[in-house]
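A.B. asks:
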Amino acid sequence: MDRYDAQQIESKWQQVWADAHAFEVPNPAPGETDLRPKSYVLEQLPYPSGTLHMGHMLVYTIGDVVTRFRARNGLNVLHPQGFDSFGLPAENAALNAGGPPRETTERNIEHIKRSMRRAGWAYDWTRELSTHKPDYYRWQQWQFLRFFERGLAYRKGAPVKWCPNDQTVVANEQVQDGRCERCGAEVESRLMEQWFFRITDYAQALLDDLDTVDWPESIKARQRNWIGRSEGAEIMFRIEELGEDVPVFTTRPDTLHGATFFVLAPEHELVERIDSEEVRDYVRRTGAKKTAERAAAAEKTGVFTGLHAVNPVNGERLPVYVADYVLTDYGTGAIMAVPAHDQRDFDFAAAFELPVRQVVKPPEADVDESVAYVEHAEGEVLVNSAEFDGLPAPEGGRRIVEKLEAEGRGRFAINFRLRDWGFSRQRYWGSPIPIVYCDGCGIVPVQDEELPVLLPEVEDYRPKGRPPLAQVEEWVNVPCPRCGRPAERETETMDTFVDSSWYFLRYCDARNDEAPFDRTAVDYWNPVDLYIGGVDHATMHMIYARFWVKVLNDMGMLGFREPFARFYSNGWVTVGKVKMSKRAGNVVGPDHFIERYGADACRLNILFLGPANEDMEWTETSVEAMARFVRRLWRVVNEVAEQAPSGPPESGELARKAHRTIAKATDDIGRRYAFNTAISAVMELVNELSRDTGGRDARFAAETAVSVIQPYAPHVAEELWERLGHERLWEQPWPAADPALLEVDTVEVVVQVNGRIRDRLHVAPDTSDEELVALARRSEKVQAYLDGGEAARTVVVPGKLVNFVT
RNA sequence: GCCGGGGUGGCGGAACGGGUGAGACGCGCCUGCCUUAAAAGCAGGUGUCCCUUCGUGGGGCGUGCGGGUUCGAGUCCCGCCCCCGGCCCCA
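Letter by letter, the first sequence follows residues 9 to 814 of my numbering.
(1) For residue 543, collect the residues of the same chain with a Cβ closer than 8 Å to its Cβ; drop the 5 residues on either side in sequence, then sort them by chain order.
(2) Measuring straight from C-alpha to C-alpha, what distance separates residue 694 and residue 643?
(3) Quick one, are the C-beta atoms of residue 389 and residue 363 less than 9 Å apart?
(4) Residue 830: buried (16+ other C-beta within 10 angstroms of its C-beta) or exposed?
(5) Does the distance from the C-beta atom of residue 422 to that of residue 214 stay below 9 Å?
(6) Can you confirm whether the stretch 21 to 41 touches the stretch 53 to 68 when touching is taken to mean that 3 or more C-beta pairs between the two stretches lie within less than 8 Å?
(7) Count the other CB atoms within 10 Å of the CB of residue 117; is the residue buried (16 or more) or exposed (fewer)?
(8) Spatial neighbours of residue 262 within its chain, please: C-beta separation below 6 Å, excluding the five flanking residues on both sides.
(9) Expressed to the nearest angstrom, what Euclidean distance is found between the alpha-carbon atoms of residue 632 and residue 619?
(10) Residue 600: buried (16+ other C-beta within 10 angstroms of its C-beta) or exposed?
(11) Can you grab the Cα-Cα spacing for the pair residue 51 / residue 574, in whole Å?
(12) Find the nearest neighbour of residue 74 within the set 526, 738, 499, judged by alpha-carbon distance.
(13) State the start and end residues of the unbroken beta strand (DSSP E) segment that holds residue 443.
(14) Could you tell me the distance, in whole angstroms, from the CA atom of residue 125 to the CA atom of residue 540?
(15) Determine the closest residue to residue 505 out of 438, 497, 473, with distance taken between C-alpha atoms.
(16) With DSSP collapsed to three states, give me the class of residue 582.
(17) Should residue 72 be labelled buried (16 or more other beta-carbon atoms within 10 Å of its own) or exposed?
(18) For residue 721, tell me which candidate among 614, 749, 698, 594 has the shortest Cα-Cα distance.
(19) Leaving aside the five residues before and after residue 463 along the sequence, list all residues of the same chain whose C-beta is less than 6 Å from its C-beta, in chain order.
(20) Measuring CA to CA, which of 569, 764, 716, 158 is closest to residue 81?
(21) From this set, 127, 311, 466, 96, which residue's C-alpha is nearest residue 176's C-alpha?
(22) Tell me, please, which residues DSSP counts as bridged to residue 84.
(23) Grab the span of the alpha helix (DSSP H) containing residue 258 for me, first residue to last.
(24) Curious, which full-length beta strand (DSSP E) runs of at least 3 residues does the stretch 740 to 764 contain?
(25) Cα separation between residue 777 and residue 771?
(26) Which of the three DSSP states is assigned to residue 222 in this structure?
(27) Do you know whose CA, among 804, 161, 496, 382, lies nearest residue 487's CA?
(28) Does the Cβ of residue 386 have 16 or more other Cβ atoms within 10 Å, making it buried, or fewer, making it exposed?
(29) Determine the closest residue to residue 764 out of 639, 742, 658, 790, with distance taken between C-alpha atoms.
(30) Skipping 5 residues on each side, what residues in its chain have a beta carbon closer than 8 Å to that of residue 594?
(31) Where does residue 767 sit, in a helix, a strand or coil, going by DSSP?
(32) Would residue 166 and residue 130 be called neighbours here (beta carbons separated by less than 9 Å)?
(33) Run through DSSP, which three-state label would residue 308 get?
(34) At a cut of 8 Å, does the stretch 465 to 480 reach the stretch 526 to 534 through at least three beta carbon pairs?
(35) Quick check on this structure: which residue in 377, 481, 278, 782 has the alpha carbon closest to the alpha carbon of residue 466?
(36) Locate the beta strand (DSSP E) running through residue 169, then write down its first and last residues.
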């Protein structure tokens, strides 16, 4: 027997697969139907900002196991791969490396592709895409123009989060604890003109359709959190001195009579009309505050404006304050303050000595205005609320809104936390936005025939506050597409989340140069049957992509409403319980381990560490263990190949074990996504096989072990399959377990007396209940415990136990 | 605060519609074989405590804590404790 040589075997089979175009999956030709059901298996594509790490190893191996398993189970499987190559990570990587982003990015892509091939992942590379390539972003620009025509992409001035380090606007979602998610710098608030997608139009649909997808509950919960739907009312207050109506949103219209003051956010548009040095000073100070400071402030701050707001329900004049505990980007940026029933209002009232008036009273309690009553109790009623006194609070709230509605001063309303998606970036490395600004015509879209608007090569792409593209005069200055007079191009670029909002559609028709994709192709493959990726993309990317698909569906470009029918979220790979990440500086790459132990051992290892949807601890000893297992498999199967006779199995215990292994692995991979336990099952089989490698059953067991481990360790499986006298394992049907052979010859049946085990019987699995009881009763040990008496009740679980209850 | 997910040996983890003896599989550790030696490999042992005429012997306790349902609970119910993650001046 020759020695196991991972490198030699793996490169051999990788070459065989490439030559055979083994994983290339053409779209069905027009008019033809593939009889196999389709399956679209997709993993989130990588940012080529460096090399692969163990997190990638995990996600891509999961996808690969499922792909290979499904292909052998008669499905037509699409499994493409590409690169999310635009955006800040790639650009920052280029800045660090000191070259142009295109060069570093493309170098990284080549490196990653080599690693991916070396790992043996079965991709259809004919569909490869990179989002920084003009043939990709051309169609993104095209789709942007369709969004723009429909008013779904628009420009507005808005307070935005500005990262002083990256010198760009970042999305709210990219801010963590007041810091830039990418670089960790504290973000500032600025008012800027921005491009937005009108995702809020789809808030309700995004919420409702979560019920139609098969995702982990935790991921759905995150999206629901993010969308943040709350029901309440919008109530109109008149600012007396300005003669302006200001709406407020409240979830507690029942407490309207308890409003004792009124607060505007410092950024509220009315604030600049207030002629007060004190107010201007406060707004200035607040603006200088970092978002994080503002949220963390223990003491409520604010300033009286001299204005008054009229409460529409009772005509009371409430003093108007400006205070930064009211946020400009939630609700309407103004609130009615009810200190008796809101902790924040209560704190503010305490600091500014404002009155507190309780209007909701829990049953059997006196009115107590020394604390805020914010919880809810069954049977609470309204007090101090004029004609609504005594009504249960929920009903009272309803009646109050109805009354205001009749007067045109209020209505039931639903508010979402979700904001429109600001997607323009003041950076270089992204898709240009195909827009031209003309003094005469305003915002003018670039004509479809002019696409793509190519990203020009620039000398200096470092961010300086102004978009780097603004410095490229020969690029910026163009004639207006509408009137032909001198005009200027949009110099901001698109957020990389735009790129990843539709890449899974492009894979279906990746070489189309007449449209983003053909609807037939996209409708054939989609929705993605299994989407695999990290929880970190559960909110942003996966909400944007859902939005994108809904819009395209409304445009009639595709025939489905949800992109990802099922989502599998992989856990983190940890080192000493710390997430493996660039930031933590504990990244271990697969390349070194693949070189040392082989891709098969590494693939097995990453899935054997634990359940793939939970965090798993990386240890080097476990790779060694898997390398040991592969060598053991190699030795045992080679032995069988050399000495075991061919011929139909004899259905002995070893053959039965093989059938049980098939059954377990099929269920573990196909239904449960329990990748670790399927490996254990094969290990058990190999352990048993190693004790007896000589018979026909041994040959069958060896073939089974090789066949079942193939999705995990495809190279060594293919080599051993060949040595067992067969070929092209990757195309062989997945083995089927014979139900008749799943049972062992004899089973051990436990005999209990009152739930205590007293004896064991060894019987055939199909022994009848009556027979079991008779056998059990005959046992001396049981007799002793029954003590001559009779069982009041006898419980029989066939093949498992007999329990006498006295 | 609200929401989601978890607590099982020295470690990672099994036990998948309550059905035996929990702890599969692997790591680590211990003993032995092979070897001049090492590596690799092979065989066996490994929750815990007690009794033992040491026998492939007997028994108690064990799945975060306290109750409960059941002939039978890691699994179901009630009440706690702790850990991880998400959204939070969200009006």
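Beta carbons are placed, not taken as given, at the ideal position from N, Cα and C, and that holds for glycine.
C.D. replies: Taking the coordinates as given:
(1) Result list for residue 543: 226, 227, 230, 577, in chain order.
(2) The straight-line gap separating the alpha-carbon atoms of residue 694 and residue 643 is approximately 10 Å.
(3) Residue 363 is positioned such that its CB atom lies no closer than 9 Å to that of residue 389.
(4) Residue numbering for the chain in the displayed model covers 9 to 814; residue 830 lies beyond these limits and cannot be assessed.
(5) Contact: no.
(6) Of all C-beta pairs linking the stretch 53 to 68 to the stretch 21 to 41, fewer than three are shorter than 8 Å, placing the two stretches out of contact.
(7) With 16 or more Cβ atoms within 10 Å of its Cβ, residue 117 is classed as buried.
(8) Taken in chain order, the residues that qualify are 401, 404, 405.
(9) Cα-Cα distance, rounded: 19 Å.
(10) Exposed, by the Cβ-count rule.
(11) Linking residue 51 to residue 574 through their CA atoms gives a straight-line distance of about 12 Å.
(12) Closest by alpha carbon: 738.
(13) Where residue 443 is concerned, the enclosing beta strand (DSSP E) stretches over 443 to 446.
(14) Computed Cα separation, rounded: 19 Å.
(15) Among 438, 497, 473, the Cα nearest to that of residue 505 is on 438.
(16) Here residue 582 sits in strand by DSSP.
(17) Answer is buried; the Cβ neighbour count reaches 16.
(18) The candidate whose alpha carbon is nearest that of residue 721 is 614.
(19) Around residue 463: 440.
(20) Taking the Cα of residue 81 as reference, the smallest distance to any Cα among 569, 764, 716, 158 is reached at 716.
(21) Considering only alpha carbons, the answer is 96.
(22) As DSSP reads the structure, residue 84 sits in a beta bridge with 46.
(23) First-last for residue 258: 252 to 258, but that is the beta strand (DSSP E), not the alpha helix (DSSP H).
(24) 755 to 761, all fully within the stretch 740 to 764.
(25) If I take the Cα positions, the gap works out to 12 Å.
(26) In this structure, residue 222 counts as strand in the three-state DSSP scheme.
(27) Looking at 804, 161, 496, 382, the one whose alpha-carbon comes closest to that of residue 487 is 496.
(28) So residue 386 ends up on the exposed side.
(29) Put simply, of 639, 742, 658, 790 the residue whose alpha carbon is nearest the alpha carbon of residue 764 is 790.
(30) Answer for residue 594: 583, 584, 586, 588, listed in chain order.
(31) Collapsing the DSSP output to three states places residue 767 in a strand.
(32) Here residue 166 is not near residue 130, since their CB atoms are 9 Å or more apart.
(33) DSSP places residue 308 in coil when its eight states are reduced to three.
(34) Under the three-pair Cβ rule at 8 Å, the stretch 465 to 480 does not count as touching the stretch 526 to 534.
(35) The shortest Cα separation from residue 466 among 377, 481, 278, 782 belongs to 481.
(36) First-last of the beta strand (DSSP E) with residue 169: 161 to 171.
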